[in-house]
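Quick note on my numbering: the sequence shown kicks off at 80 and runs consecutively.
The beta-carbon is built from N, C-alpha and C at its ideal position, and this holds for glycine as well.
Here the structure comes first, spelled out in structure tokens, and everything after it is commentary.
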Amino acid sequence: MSGGQIALNQPNVFGGESREGGIQGAVDFEAGHAAQEQNSYLLSKLGSYVPSFRGVAGMVLRQIYVGMNPYLKKWSFRLQRIHTRQNGLPQWHDSKAEISGLGVGANVNETFSNTAIFESNDPAAYIVEQNSIRNSGSAAGSVSSFYKRQIPTLIIKSFSVEFLVERLSAGDSMRIAIASDNGTAWFSFNPVREAVVDALQRPMINGNNAIAPDKLDVNVWYRLEVNANVSPGNLGYKITRLSDSATISTGQYPQPQEIAVSQLMFVRDQDSSPSITRFKNVLIVGAGTTGDMNPAHIIRECLTDPLWGMGYLEADIDDLSFMAAADTLYAEGFGMSLLWDTETSIEEFIKIIVKHIDASVYVDRKTGRFVLKLIRDDYNPANLLTLNESNVEKIADFNRPSIGELINSVTVTYWNSETGQNATLTVQDIALSQQQQSTVGTSVTYEGITNAHIASRVAQRDLKTLSTPLASCTIYANRAAAGLNVGDVFKLTWPVYDLTDMVMRVTGIAYGDGRSHRVRIQCVQDAFATPDSAIIVPPPIERPDTGQEPVPIARYAVFEVPYFELVQRQGQPAIDALLAGNPDMGFVGAGAARPQGAALSARIYTDMGNGYEDVSNLDFSPCAVLDEAIDQMATTFAIREVQDIEAITLGTWFQLGTELMSVESITTSSITVKRGVLDTVPASHSDGDSLIFWDEYGEADPTEYIASEQINVKLLTVTGAGRLALANAPQDTVTLDSRALRPYPPGNFKINGSYFPNAVSGPVSLSWVERNRLQQTGAVLIGFSDGTVTPETGTTYNVYAYDDSNNDLKYSNTGITGISDVIGVGFLAGVINLRVELYAVRDGYQSLQPQTHVMQWSSGENMMTFENNYTPDAGNSVQLQFTQ
80 MSGGQIALNQ PNVFGGESRE GGIQGAVDFE AGHAAQEQNS YLLSKLGSYV
130 PSFRGVAGMV LRQIYVGMNP YLKKWSFRLQ RIHTRQNGLP QWHDSKAEIS
180 GLGVGANVNE TFSNTAIFES NDPAAYIVEQ NSIRNSGSAA GSVSSFYKRQ
230 IPTLIIKSFS VEFLVERLSA GDSMRIAIAS DNGTAWFSFN PVREAVVDAL
280 QRPMINGNNA IAPDKLDVNV WYRLEVNANV SPGNLGYKIT RLSDSATIST
330 GQYPQPQEIA VSQLMFVRDQ DSSPSITRFK NVLIVGAGTT GDMNPAHIIR
380 ECLTDPLWGM GYLEADIDDL SFMAAADTLY AEGFGMSLLW DTETSIEEFI
430 KIIVKHIDAS VYVDRKTGRF VLKLIRDDYN PANLLTLNES NVEKIADFNR
480 PSIGELINSV TVTYWNSETG QNATLTVQDI ALSQQQQSTV GTSVTYEGIT
530 NAHIASRVAQ RDLKTLSTPL ASCTIYANRA AAGLNVGDVF KLTWPVYDLT
580 DMVMRVTGIA YGDGRSHRVR IQCVQDAFAT PDSAIIVPPP IERPDTGQEP
630 VPIARYAVFE VPYFELVQRQ GQPAIDALLA GNPDMGFVGA GAARPQGAAL
680 SARIYTDMGN GYEDVSNLDF SPCAVLDEAI DQMATTFAIR EVQDIEAITL
730 GTWFQLGTEL MSVESITTSS ITVKRGVLDT VPASHSDGDS LIFWDEYGEA
780 DPTEYIASEQ INVKLLTVTG AGRLALANAP QDTVTLDSRA LRPYPPGNFK
830 INGSYFPNAV SGPVSLSWVE RNRLQQTGAV LIGFSDGTVT PETGTTYNVY
880 AYDDSNNDLK YSNTGITGIS DVIGVGFLAG VINLRVELYA VRDGYQSLQP
930 QTHVMQWSSG ENMMTFENNY TPDAGNSVQL QFTQ
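Encoded structure:
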């Protein structure tokens with residue numbers, strides 16, 4: 080609460096100077112406590128009249144360098160106050176005030192595959208082999224030895240390790256410990272205790288109290304499992320024999336005070352004859368040390384704080400009920416992080432907390448104190464009050480919703496503390512959905528929940544209430560019901576409605592007006608008395624880690640920018656004017672898929688022969704991977720590993736190999752397309768090829784290049800930790816080829832009336848339809864098989880036929896003004912594999928890609944076909960007889 084100064088020195092975050100510009104300088108945190116003085120920096124700049132800002136938390140930026148962006152971006156701060164109240168008073172029931180978020184922190188999984196991360200004051204005392212660690216059998220030294228590694232700082236939730244006693248001697252075995260930075264052990268485990276302490280040498284936790292009835296067998300692998308907070312003040316443990324899963328020992332053990340641990344240790348004492356043990360497969364599950372606040376504490380502060388709260392006295396609070404609720408919420412791991420401001424009344428803020436934790440707050444009519452009651456499955460039906468015809472005058476407003484009125488899907492929006500963003504999670508009642516033959520959903524926001532674990536539990540709680548036809552009614556009872564309060568449960572038997580011992584929960588109650596002693600109870604059937612039927616459907620959560628080192632980009636495309644892309648960026652008149660002045664000009668562009676969750680963007684570097692230069696920023700494109708091989712005519716095919724599907728706009732193009740295709744529809748497993756759009760033609764593609772959806776995301780080097788120039792290109796990933804080193808990025812080369820000026824290739828190309836046949840015979844007939852680069856700039860992309868378009872003025876066509884085995888040109892016909900051609904048999908003598916190429920030509924420029932195909936060809940003359948499984952004589956000599 081005292082505040083202080085924070086030094087920031089991160090010049091490369093947010094992309095460094097080429098992007099946001101990093102951040103450097105000093106920031107003063109002003110906590111706003113009652114004795115806070117004037118800030119020295121503000122005093123020097125504004126003079127002695129600057130206030131001390133007591134009662135206001137704030138940050139003072141001492142001429143912070145905030146980068147190259149001319150617009151000062153909004154600063155955001157993540158703050159917490161848990162263990163102190165107003166003016167630094169200690170927190171009530173402080174041991175349960177902070178609840179570590181189950182979604183925060185890191186788990187530790189140690190398999191001893193990398194020993195370099197360990198340190199030891201006596202390395203010879205420890206042997207790492209077979210993915211395990213054991214102590215040597217030699218006598219221990221004059222002091223205890225250790226073998227340890229640092230682990231992420233966390234609060235232990237559970238722990239497990241596999242171990243084996245290799246040799247039983249009089250001395251202690253090596254023990255495993257989990258400790259804080261200063262070496263204070265939160266937990267330690269000895270598989271074998273020295274004989275002078277325990278004659279039976281049984282396994283022990285924290286050096287005391289054997290946890291097994293006898294010593295363990297030698298050369299047998301066991302697993303120890305430990306879970307924190309299995310009951311108030313206790314941890315649970317279990318030892319299992321791995322060979323047959325038999326439980327050797329189980330129970331509870333007094334739990335040490337909760338501390339933040341950061342070391343995994345193995346320790347040998349000074350015994351002259353140590354027992355030998357071996358450990359492997361250590362798994363520590365924990366939560367980060369920055370936690371949430373117990374909701375019971377939040378409500379209590381709202382009621383009692385004299386500055387911003389309702390100002391009730393401590394004596395006005397039923398501490399027993401609040402403490403019981405706090406203990407339950409702590410055991411559940413149900414913490415909350417939430418900001419309150421004066422736009423919401425304190426009463427409304429308490430209602431928000433109560434809604435999160437499913438509770439009721441009321442004033443006990445006997446004691447006059449505030450009571451906090453959690454709505455939980457914490458009762459025994461046999462012990463509940465029963466209301467029936469003997470103590471109920473009447474029941475009104477009885478209602479049970481029909482199947483059609485129920486909700487079968489609940490989506491919860493919560494604030495994910497790992498990402499700093501809102502996240503959603505959906506639970507569904509599949510059986511009810513099938514019964515209703517549709518999804519009937521609702522959405523709920525719980526802005527105080529910070530992790531998916533709690534969000535999923537709350538979503539299931541809400542779904543159970545909304546998907547079950549819970550009965551509700553108003554009961555008019557005698558004084559037998561006077562002991563009930565809001566949130567209490569009772570049993571209701573009422574034959575008229577066929578109710579027998581139905582568990583009901585009080586939602587509202589009135590105790591009479593002085594003239595009538597009748598108790599009016601509003602109630603609803605308790606959801607805990609009904610079965611569960613929910614299935615959780617959480618979406619994948621992106622976990623951006625701004626400190627992650629950048630990795631090379633694996634899926635990308637570099638290219639000469641096509642005409643239509645230039646038109647979209649600069650307008651058709653401007654591009655046509657550029658091409659009129661320099662027909663051979665062109666630009667180099669790129670599109671890339673995000674290589675890691677922490678990647679912010681990429682930088683395009685180009686080199687035309689005198690070294691690489693940083694030329695442009697590149698936002699990442701959606702991408703996918705082809706999940707099958709496809710030929711030239713496939714228009715619907717399987718895909719996988721789809722990334723950022725929500726960012727794909729239908730009708731835009733993507734690149735697969737050298738072919739551009741238009742997206743007509745897409746799911747996470749399938750895509751339907753138009754083939755060969757713009758200046759590309761259909762081609763075959765292999766399973767595993769990448770689809771880069773760069774139409775709306777690609778960027779270009781602004782340098783205007785000339786045809787035949789070769790430009791080297793590298794794409795450098797940018798994360799919050801910095802930029803990928805230039806040497807680590809793959810290099811590609813783009814050779815400029817006047818792409819923007821070239822006519823589009825013809826479409827709907829057919830050979831003997833078919834698309835890309837495997838074999839033809841006799842004369843080869845070619846047909847096609849026309850395309851127009853200048854006209855094809857509308858919203859709808861024209862695909863390979865679409866109809867004809869009036870061509871650019873002066874467009875003709877060239878046809879070439881080759882013997883594909885030796886690339887020998889057999890036929891050419893240039894300057895064709897129509898949309899068909901025939902290759903006569905006489906041109907193709909001796910050809911077996913025929914390759915045909917068809918180009919569009921205008922002003923001496925051929926289309927960037929030709930329509931091309933390779934097929935088997937035969938003349939079709941003097942051919943004979945045998946039928947009815949005829950087999951020629953030996954030597955393939957066949958006698959033929961012709962009759963008229």
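Tell me whether residue i is buried or exposed, calling it buried when 16 or more other Cβ atoms sit within 10 Å of its Cβ.
i: Thr383; result: buried
i: Glu31; result: There is simply no residue 31 to check, as the chain begins at 80 and stops at 963 in what is shown.
i: Tyr128; result: exposed
i: Tyr525; result: buried
i: Ser899; result: exposed
i: Asn807; result: exposed
i: Ile785; result: exposed
i: Asp780; result: buried
i: Trp154; result: exposed
i: Asn912; result: exposed
i: Lys543; result: buried
i: Ile509; result: exposed
Are the beta-carbon atoms belonging to residue i and residue j less than 8 Å from one another?
i: Glu849; j: Arg921; result: no
i: Leu303; j: Phe268; result: yes
i: Lys430; j: Phe191; result: no
i: Arg818; j: Asp758; result: yes
i: Val797; j: Arg682; result: yes
i: Leu504; j: Ser535; result: yes
i: Ile178; j: Asn495; result: no
i: His162; j: Met402; result: no
i: Gln722; j: Arg673; result: yes
i: Thr553; j: Ala475; result: yes
i: Gln711; j: Pro824; result: no
i: Gly767; j: Pro761; result: no
i: Val792; j: Val637; result: yes
i: Arg599; j: Ala550; result: no
i: Leu805; j: Tyr635; result: no
i: Ala671; j: Leu705; result: no
Excluding the five sequence neighbours on either side, which residues of its own chain have a C-beta within less than 6 Å of the C-beta of residue i, listed in chain order?
i: Asp774; result: Thr731 and Trp732
i: Ala195; result: The pLDDT assigned to Ala195 is 44, lower than 50, so where the model puts this residue is not dependable; a value taken from the coordinates is nonetheless given after this. Taken in chain order, the list of residues that qualify is empty.
i: Ser844; result: Asn831 and Val901
i: Phe772; result: Ser700, Pro701, Ile727 and Phe733
i: Gln935; result: Ala838
Spell out the partners DSSP gives residue i in its beta bridges.
i: Cys381; result: Its beta-bridge partners do not exist; DSSP assigns none.
i: Tyr635; result: Ala671
i: Leu451; result: Val440
i: Ile425; result: None, per the DSSP bridge assignment.
i: Tyr205; result: Asn214
i: His932; result: Val915
i: Asp887; result: Asp882
Under 7 Å from any heavy atom of the ligand SAH, does the C-beta of residue i make it?
i: Asn287; result: Annotation note on the ligand SAH: not contained in the displayed structure, which lists no ligands.
Just to confirm my understanding: we take residue i, look at its own chain, exclude 5 residues before and 5 after, and list those with CB closer than 8 Å. What are they?
i: Ile482; result: Leu511, Gln514, Gln515 and Pro548
i: Gln280; result: Leu247, Val271, Arg272, Glu273, Ala274, Lys294 and Ser354
i: Val240; result: Ile255, Phe268, Arg302, Leu303, Phe358, Lys359, Asn360, Val361 and Leu362
i: Lys570; result: Pro460, Leu463, Leu464, Thr465, Leu466, Asp580, Met581, Val582 and Met583
i: Pro311; result: Asp406 and Ala410
Strictly under 8 Å for the Cβ-Cβ distance: is residue i near chain D by that measure?
i: Ser938; result: The question asks about chain D, but that chain is absent: this structure has only one protein chain.
Note down, in chain order, each residue of its chain lying with its Cβ closer than 7 Å to the Cβ of residue i, except the 5 sequence neighbours on either side.
i: Pro623; result: Summary for Pro623: the model assigns pLDDT 45, below 50, so the residue's position carries little reliability; its value from the coordinates is reported in the next sentence. Result list for Pro623: Thr498, Gly676 and Ala677, in chain order.
i: Leu964; result: For residue 964 there is no data in the structure shown, the boundaries of the chain being 80 and 963.
i: Ile377; result: Met415 and Ile432
i: Tyr576; result: Phe477
Alpha helix (DSSP H) runs wholly inside the region 243 to 317, at least 4 long, in chain order = none
ask   = Which whole runs of the beta strand (DSSP E) in the region 742 to 806 are 3 residues long or more, in chain order?
value = 749 to 753, 769 to 771 and 789 to 798
query = Residue ranges of each beta strand (DSSP E) run of no fewer than 3 residues wholly in the region 449 to 535, ordered along the chain?
reply = 449 to 453, 471 to 478, 488 to 495, 500 to 507 and 520 to 525
Every unbroken beta strand (DSSP E) within the region 650 to 727, with a cutoff of 3 residues, ordered by chain = 667 to 671, 680 to 686, 692 to 697, 702 to 705 and 715 to 722
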